[in-house]
Ligand code: 5AD
Ligand code: SF4
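Residue numbers (our numbering): 1 to 587.
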């Protein structure tokens, strides 16, 4: 049986009652005192004015707590095309924001940055206003991450701080509503509502369209939750609202969820099944971003190079899947559809002055067409994130990554031959279940062998529900994990410094982001490999307007001569302002 189905079965047996057909759920407040009647809590905050009382009495005629609890035991997946009627206990205008101010705070990965923009786009359409001032917020929403225990601890700490703010508001009788969005809402579900009574709203990663309803319920003093995962929600029609109007780059979500089921990873459980967004809607978004003057897009997903748009019948002529040599997959091989190479080709044609990046790919899906395209197109960055996770074949097997160390190293060589000068980055986990000292030495040696330009290194954190949680033992002591992590970081830095020093003396194309954080006399930007480049803010010639002297602005491309390199940053001096097409000056 496919492992995700296994998981759903386990969830069903642990959860409450028979399957229900509704695809949304809301947990009434006072769930601890659950009864079939819709009792309201004897909390002064909950009985604010007549309108609210009226709303509460309408809620009382709505579905009961038991009903919602039963709904939560339904299969945790729905099709977003299953249209829902508005709940009978809500009037249309109660779904509107009515100028209430929302403060959004993002934790975790780039996917969450994009999710924040999607959530905001939905709320803005509903009439909410955005504030960057916590003190004036009517609603505070935290977009959360569950990937490691530490990420969740950060959120619990933040909730404790917000509790004080909410208590002060209670006294002033202007209620503040607090919502937990994203992976932590999905993983912990009502445990959050029970543990932190001050949380009013829970919305999983596939439930952001429901935010206006959830907030309307919360407005009456009830707790509300929707943590159902979807089989096809990609928010394809929701144009994310750029958080920073002066940004030079944007994230574009191309797919959601993950079917890989690496044994350590919570993501398939918090973000659900893998599904791709239709190519046409991605291209439309990229075009709009280009019209807005953005100069870089990063195509986002948990597994971007497994992209497969099956949205139109004519896309489904069987095209066999090319896994990288020596790689296997944990999920059923899918056929047909428009693949990542097609998408990358189309996206890179939208605007030759727009840089294209993508993250995160899985090493198993790097067919030659994708490598060829990256090599050929000036505006596709020659930068590949190739998460290895471990240098030991034994550990890789325990992680169910679908490759051995040898297959991974062979792929690195193949990529380097196909894309000369390519910049490589990776993720590694220190201290996975059963990792021995010898396994750790293998990871150190992989870091030395590949010499990555960038790295993201983590200590293993056991997550409930994962295969490792059920089948393996988290047997590497915490202090050993941390010592191994320190060693990996040291080796990574030494090797990255060496790799980055090969750029010294070269001229590199840099997309300017703005002032350097360290000095107002310096500017900061990114090279093609996504490394930070710092250089003095000086006048320069503009290649498109000979004779004109200019100062670089965010969004400009400039040529920078690199003079020094560290493990994370390059330094240099600026030569001229240019365009992506005109700049062929590389080492
Ligand atoms: N513990 C530590 N690191 C993890 N990652 C994923 N799950 C865990 C875990 N349980 C790391 C992997 C992944 C990155 C996004 O986070 O390296 O590639
Ligand atoms: Fe997790 Fe593996 Fe999916 Fe990445 S590919 S999100 S590590 S399951």
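Idealized CB from N, CA, C, for every residue including glycine.
Residue i lies in the alpha helix (DSSP H); which residues open and close that run?
| i | result |
| --- | --- |
| residue 267 | 267–271 |
| residue 116 | 110–125 |
| residue 469 | 467–471 |
| residue 342 | 340–350 |
| residue 458 | Premise fails: residue 458 lies in the beta strand (DSSP E), 454–459, not in any alpha helix (DSSP H). |
| residue 155 | 149–172 |
| residue 519 | Looking at the DSSP string, residue 519 is not in any alpha helix (DSSP H), and its letter there is neither H nor E. |
| residue 189 | Premise fails: residue 189 is in no alpha helix (DSSP H) and is neither H nor E. |
| residue 212 | 211–219 |
| residue 398 | 393–399 |
| residue 407 | 405–418 |
Can you name the residues that DSSP bridges to residue i?
| i | result |
| --- | --- |
| residue 297 | 250 and 356 |
| residue 542 | 545 and 577 |
| residue 532 | 526 and 569 |
| residue 196 | Looking at the DSSP assignment, residue 196 forms no beta bridge with any residue, so it has no partner. |
| residue 103 | 140 |
| residue 385 | 425 |
| residue 561 | 507 and 573 |
| residue 255 | 276 |
| residue 512 | 525 |
| residue 380 | 356 |
| residue 130 | 102 |
| residue 551 | 539 |
Shortest alpha-carbon distance to residue i belongs to which of the options?
| i | options | result |
| --- | --- | --- |
| residue 155 | 140, 528, 231 and 127 | 140 |
| residue 212 | 271, 124, 582 and 428 | 124 |
| residue 337 | 582, 349 and 312 | 312 |
| residue 303 | 229, 258 and 432 | 258 |
| residue 453 | 384, 148 and 114 | 384 |
| residue 148 | 414, 459 and 574 | 459 |
| residue 601 | 170, 578, 525 and 559 | Because the chain in this structure spans residues 1 to 587, residue 601 falls outside the shown range and cannot be described. |
| residue 364 | 418, 126 and 305 | 305 |
| residue 421 | 375, 328 and 391 | 375 |
| residue 295 | 254, 248, 551 and 329 | 248 |
| residue 553 | 515, 331 and 547 | 515 |
| residue 532 | 150, 564 and 505 | 564 |
| residue 425 | 434, 417, 435 and 412 | 412 |
| residue 435 | 511, 392 and 465 | 392 |
| residue 241 | 250, 465 and 233 | 250 |
| residue 107 | 131, 144, 101 and 99 | 144 |
| residue 223 | 194, 233 and 230 | 194 |
| residue 438 | 465, 390 and 470 | 390 |
| residue 92 | 370, 539, 217 and 329 | 217 |
| residue 323 | 397, 440 and 370 | 370 |
| residue 468 | 117, 457 and 265 | 265 |
How about residue i and residue j: do their beta carbons lie closer than 8 Å?
| i | j | result |
| --- | --- | --- |
| residue 307 | residue 343 | yes |
| residue 256 | residue 275 | yes |
| residue 407 | residue 325 | yes |
| residue 165 | residue 185 | no |
| residue 528 | residue 381 | yes |
| residue 199 | residue 283 | no |
| residue 409 | residue 432 | no |
| residue 503 | residue 570 | yes |
| residue 237 | residue 226 | no |
| residue 121 | residue 96 | no |
| residue 359 | residue 110 | yes |
| residue 462 | residue 475 | no |
| residue 548 | residue 559 | no |
| residue 215 | residue 177 | yes |
| residue 521 | residue 485 | no |
| residue 366 | residue 415 | yes |
Could you spell out the range, first to last residue, of the beta strand (DSSP E) harbouring residue i?
| i | result |
| --- | --- |
| residue 524 | 522–526 |
| residue 429 | 423–430 |
| residue 203 | 201–203 |
| residue 226 | 224–226 |
| residue 178 | 177–182 |
With a threshold of 6 Å on Cβ separation, who are the neighbours of residue i within its own chain once the five nearest residues in sequence on each side are excluded?
| i | result |
| --- | --- |
| residue 6 | Per-residue confidence for residue 6 stands at a pLDDT of 28, beneath the threshold of 50, marking its modelled position as unreliable; the derived number appears in the next sentence. So the list is empty, once near-sequence residues are dropped. |
| residue 352 | 379 and 581 |
| residue 299 | 252, 254 and 358 |
| residue 355 | 296, 379 and 381 |
With a threshold of 8 Å on Cβ separation, who are the neighbours of residue i within its own chain once the five nearest residues in sequence on each side are excluded?
| i | result |
| --- | --- |
| residue 496 | 451, 452, 453, 454, 455, 567 and 568 |
| residue 373 | 341, 344, 345, 348 and 380 |
| residue 192 | 180, 184, 185, 199 and 202 |
| residue 246 | 514 and 554 |
Kindly list the residues whose CB is nearer than 7 Å to the CB of residue i, restricted to its own chain and excluding five residues on each side of it in sequence; keep chain order.
| i | result |
| --- | --- |
| residue 262 | 399, 400 and 401 |
| residue 561 | 507, 572, 573 and 575 |
| residue 362 | 260, 303, 305 and 306 |
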